[in-house]
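Input: a single structure, listed below in structure tokens.
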Amino acid sequence: MNYQFEFGWLFEYYPQIAKGIAITIELIAVGAVAGILLGIVCAWVRALGPAWLKPFVAGYVELIRNTPFLIQLFFIFFGLPSLGLQLSELKAANLAMIVNLGAYSSEIIRAGIQATPRGQFEAGASLAMSPFETFRHVVLVPSLERIWPALSSQVVIVMLGSAVVSQIAAEDLTFAANFIQSRTFRAFEAYIVSTAVYLVLAILLRQVLSMVGWAIFPRRAAR
Amino acid sequence: MIEFTIWDILRNLLLASRWTIVLSLVSFAGGGVVGLALLFLRISRRKWTRAFAKYYIELFQGTPLLMQLFIAFFGLGLFGIDVPAWLAAGLALILWTAAFLGEIWRGCVEAIAKGQWEASASLGMGRLQQMRYVILPQALRIAVPPTVGFSVQVIKGTALTSIIGFVELSKAGTVVTNATFQPFTVYGLVALIYFVLCWPLSKSSQILERKLNVAHRNH
């Protein structure tokens, strides 16, 4: 193997990489917040919600969990315009990530809700709280606390999965790597650098999520 | 302009699906073998083999599968060989699958009570004998549901190989879309075929898990 590794292009192309990182971070930030909110709503429906709504949410969750993210992305970006819903690359990527994480997180959060002891619901009711108030003030936060590690892993998985949004020309980190390799023909180096960046992002994201956990669940921090 | 019926589209997609299935089977079988090797390294008594397996798993679980595919595709090319897409796809998917299966199975082995190790050691069994006759048969029971569940991730993972040019279901979807200009129908059908492949596996994983829990409660 007489291949000369060459990383000189980094000096010229680091703005592209920086922009790609920024967009990847933006995608996962929006995707995580909105996706988890959607997941909470869906988990509430499946665990405690009205019976007529349950099959719809179950169908959505099963459909998303059993199809590849790439196809969901293509369906949203290429397929939906024929229904008159045309989205920009970034909006389509955002929507796909929210819809994807919403389905996965709802299953995780539901497990947390269903592990709530019955007494908690009864305690809420005995304080004259409505079922919704009980859910909001008594059940939700401990449920999230219970499954926060699993939820964090899922967010990291979705962040790594976001590499494919480059396929609809959303200008994320992978898009930058593709751009650089097509300009410099240094494919291997470009992908090694961006893979390393993804690894660092994944490690940082895990740290951020556990800090968020500490902030949201004060009882754990006090311990 | 040629008119395409739904049947024309579906037939072409189904023809391409066999490559999705073949690649999934190869990745799962290969990943299982490498994953088993990783499991042994991960629970070995030697420190450096444990560290190697740990960092291998961290690396493959902490980077996008798409990047691994790109690196396999372009990295193998550095050795001066012309890399066909199927080879890069198969190699990357096997290594990726192995990382996840190795970690899943480690969890299952560690779930076996410590007394089982001690009991088998007190019978004079060696490390390999302990694994073969005492630990793995019990770990296997716990391992089946998550392993079946992960096979769904493998099938979905094969969709990414379309990006490095391997022609399977997703790539066929793009090709057919470019010919028919019906992305809504085509990607809808592609999603449906993936669903038909994955859903039975997801469902059986859930059912197996429930059965196992019932068995546990009756102990």
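Top line first, the protein sequences correspond to chains B and H. Residues 960 to 1182 (the working numbering) make up the first sequence, in order. Residues 158 to 376 (the working numbering) make up the second sequence, in order. Even for Gly, the Cβ is constructed at its ideal location relative to N, Cα and C.
In chain order, what residues of the same chain lie with their CB nearer than 6 Å to the CB of Ala229 of chain H, ignoring the 5 residues before and after it? Numbered from 1 along the second sequence, position 72 holds the residue referred to as residue 229 of chain H. The beta carbon of Ala229 of chain H sits closer than 6 Å to those of Ala245, Leu248 and Ala249, all from its chain and outside the five residues before and after it, given in chain order.
Identify whether Arg100 of chain H lies in helix, strand or coil by the three-state DSSP scheme. This structure gives no information on residue 100 of chain H, because the portion of chain H shown stretches from 158 to 376.
Should Tyr351 of chain H and Phe1033 of chain B be called a contact, given that it needs their Cβ atoms to be closer than 8 Å? Taking the first residue of the second sequence as 1, we reach residue 351 of chain H at position 194. Taking the first residue of the first sequence as 1, we reach residue 1033 of chain B at position 74. The Cβ atoms of Tyr351 of chain H and Phe1033 of chain B lie no closer than 8 Å to each other.
Tell me the DSSP secondary structure of Ala1131 of chain B in three-state form. By one-based count along the first sequence, residue 1131 of chain B stands at place 172. The residue asked about is misnamed: residue 1131 of chain B is Asp in this sequence, not Ala. Asp1131 of chain B: coil per DSSP, three-state reduction.
Reducing DSSP to helix, strand and coil, say where Asn370 of chain H ends up. Within the second sequence, the letter at position 213 stands for residue 370 of chain H. Helix at Asn370 of chain H.
Beta-carbon contacts of Ile251 of chain H that lie in its chain and below 7 Å, excluding the five residues immediately before and after: For the purposes of this step, residue 251 of chain H is taken as residue 94 along the second sequence, with counting starting at 1. Correct list, in chain order: Ser184, Gly187, Gly188 and Val191.
With DSSP run on the structure shown, which of helix, strand or coil describes Val240 of chain H? As a working mapping, residue 240 of chain H is identified with position 83 in the second sequence. In the structure shown, Val240 of chain H sits in coil (DSSP, three-state: anything other than H, G, I, E or B).
May I ask which residues mark the beginning and end of the alpha helix (DSSP H) holding Asn1053 of chain B? Translated into positions along the first sequence, residue 1053 of chain B becomes position 94. Where Asn1053 of chain B is concerned, the enclosing alpha helix (DSSP H) stretches over Glu1048 to Gln1073.
I want to know whether the region 295 to 309 of chain H touches the region 1150 to 1164 of chain B - three or more CB-CB distances under 8 Å. The region 295 to 309 of chain H makes no contact with the region 1150 to 1164 of chain B, as fewer than three CB pairs between them are under 8 Å.
For Leu1007 of chain B and Leu1164 of chain B, the rounded distance between their alpha carbons: Along the first sequence, one-based indexing puts residue 1164 of chain B at 205. Along the first sequence, one-based indexing puts residue 1007 of chain B at 48. For the pair Leu1164 of chain B and Leu1007 of chain B, the Cα-to-Cα distance works out to about 31 Å.
Using the rule of at least 16 other Cβ atoms within 10 Å of the residue's Cβ for burial, across every protein chain shown, is Asp1131 of chain B buried or exposed? If you number the first sequence from 1, residue 1131 of chain B lands on position 172. Buried: at least 16 other Cβ atoms inside 10 Å.
Would you kindly work out how many angstroms separate the C-alpha atoms of Lys1013 of chain B and Gln225 of chain H, rounded to a whole number? The residue you call residue 1013 of chain B lines up with position 54 of the first sequence. The residue you call residue 225 of chain H lines up with position 68 of the second sequence. Approximately 38 Å, taken between the alpha carbons.
What three-state label does DSSP hand Glu275 of chain H in the structure shown? Indexing the second sequence from 1 puts residue 275 of chain H at position 118. Looking at Glu275 of chain H - three-state DSSP - the assignment turns out to be helix.
For the ligand NAD, I want to know if Ala1128 of chain B counts as a neighbour, meaning its beta carbon is within less than 7 Å of at least one of the ligand's heavy atoms. Only the bare structure without any ligand can be found here, which leaves the ligand NAD out of the picture.
Residue ranges of each alpha helix (DSSP H) run of no fewer than 4 residues wholly in the region 961 to 1013 of chain B, ordered along the chain? The region 961 to 1013 of chain B contains these whole alpha helix (DSSP H) runs: 968 to 1007.
Name the chain B residues that come within less than 8 Å of Tyr351 of chain H, Cβ to Cβ? What you label residue 351 of chain H is simply residue 194 of the second sequence in a count that begins at 1. Using a Cβ-Cβ cut-off of 8 Å, Tyr351 of chain H is close to Asn1025, Thr1026, Pro1027 and Ile1030 of chain B, given in chain order.
Looking at the structure shown, is Ile321 of chain H part of a helix, part of a strand, or coil, going by DSSP? By 1-based counting over the second sequence, the position of residue 321 of chain H is 164. When secondary structure is reduced to three states using DSSP, Ile321 of chain H falls in the helix class.
Identify, in the order they occur along the chain, each residue of the same chain with its Cβ nearer than 7 Å to the Cβ of Gln1079 of chain B, setting aside the five sequence neighbours on each side. Within the first sequence, the letter at position 120 stands for residue 1079 of chain B. When the five nearest sequence neighbours on each side are left out, the beta carbons in the same chain lying within less than 7 Å of the beta carbon of Gln1079 of chain B are those of Val1097 and Val1098, in order along the chain.
Can you pull out the residues from the region 1124 to 1136 of chain B whose beta carbon lies closer than 7 Å to at least one beta carbon of chain H? Against chain H - using a Cβ distance shorter than 7 Å - the residues of the region 1124 to 1136 of chain B are Gln1126 and Thr1133.
Looking only at its chain, what residues have a beta carbon closer than 7 Å to the beta carbon of Arg1182 of chain B, apart from the 5 residues adjacent to it on each side? Start at 1 with the first residue of the first sequence, and residue 1182 of chain B comes out as number 223. Confidence at Arg1182 of chain B is low in this model, with a pLDDT of 45, below 50, so its placement is unreliable and no value can be given for it.
So, helix, strand or coil for Arg1145 of chain B, using DSSP? Indexing the first sequence from 1 puts residue 1145 of chain B at position 186. Here DSSP, grouped into helix, strand and coil, assigns Arg1145 of chain B to coil.
Strictly below 9 Å CB to CB, what residues from chain H border Leu1163 of chain B? Counting from 1 along the first sequence, the entry for residue 1163 of chain B is found at position 204. Chain H residues near Leu1163 of chain B: none, gap ~11 Å exceeds 9 Å.
Applying the 10 Å Cβ sphere with the 16-neighbour rule, what's the burial state of Pro357 of chain H? In the second sequence, counting from the first residue as 1, residue 357 of chain H sits at position 200. That one is exposed.
If contact means a Cβ-Cβ distance below 9 Å, which residues of the region 205 to 238 of chain H contact chain A? Of the chains in the structure shown, none is chain A; the protein chains are B and H.
Please return the same chain residues whose Cβ sits closer than 6 Å to the Cβ of Ser181 of chain H, not counting the five positions on each side in sequence. Sequence index remark: in the second sequence, residue 181 of chain H carries index 24 (1-based). Correct list, in chain order: Val311, Ile312 and Thr315.
Quick one: does Thr1143 of chain B have its CB under 8 Å from some CB of chain H? By 1-based counting over the first sequence, the position of residue 1143 of chain B is 184. No, no contact with chain H.
Using three-state DSSP, classify Arg203 of chain H as helix, strand or coil. Here residue 203 of chain H refers to the residue found at position 46 when the second sequence is read from its first residue. Coil.
Span of the alpha helix (DSSP H) around Ser1102 of chain B: Residue 1102 of chain B sits at position 143 when you count from the first residue of the first sequence. Leu1099 to Gly1120 is the extent of the alpha helix (DSSP H) around Ser1102 of chain B.
When the cut-off is 8 Å and only beta carbons count, does Ser181 of chain H lie next to chain B? Counting from one through the second sequence, the residue named residue 181 of chain H turns up at place 24. False, the Cβ-Cβ gap to chain B never drops below 8 Å.
Quick one: is Gly345 of chain H near chain B, going by C-beta distance under 8 Å? As a working note, residue 345 of chain H is residue 188 in the second sequence. With 8 Å as the cut-off, Gly345 of chain H counts as an interface residue toward chain B.
Give the secondary structure of Gln339 of chain H by DSSP, where H, G and I count as helix, E and B as strand, and everything else as coil. Position 182 of the second sequence, counted from the first residue, corresponds to residue 339 of chain H. Here Gln339 of chain H sits in coil by DSSP.
Environment of Arg199 of chain H [buried if 16+ CB atoms lie within 10 Å]: As a first step, residue 199 of chain H must be located in the second sequence, where it is residue number 42. Residue burial is scored here from C-beta neighbours: Arg199 of chain H has at least 16 other C-beta atoms within 10 angstroms and is therefore classed as buried.
Leaving out the 5 sequence neighbours to the left and right, which residues in its chain are closer than 6 Å to Ala1180 of chain B when beta-carbon positions are compared? Translated into the one-based positions of the first sequence, residue 1180 of chain B becomes position 221. Low confidence applies to Ala1180 of chain B: its pLDDT is 47, below 50, so where it sits in the model is not reliable, and the reading given next is rough at best. Taken in chain order, the residues that qualify are Trp1173.
Within the continuous alpha helix (DSSP H) that includes Glu1081 of chain B, where are the two ends? Stepping through the first sequence from its first residue, residue 1081 of chain B is reached at position 122. Boundaries of the alpha helix (DSSP H) harbouring Glu1081 of chain B: Arg1077 to Ser1085, taken from the DSSP string.
Thinking C-alpha only, which one of B:Thr1143, B:Leu1022 and B:Ala1084 is nearest Leu969 of chain B? Sequence index remark: in the first sequence, residue 969 of chain B carries index 10 (1-based). Nearest Cα to Leu969 of chain B within the set B:Thr1143, B:Leu1022 and B:Ala1084: B:Thr1143.
From what residue to what residue does the alpha helix (DSSP H) around Arg298 of chain H run? Taking the first residue of the second sequence as 1, we reach residue 298 of chain H at position 141. In the DSSP assignment, Arg298 of chain H falls within the unbroken alpha helix (DSSP H) covering Leu293 to Gly314.
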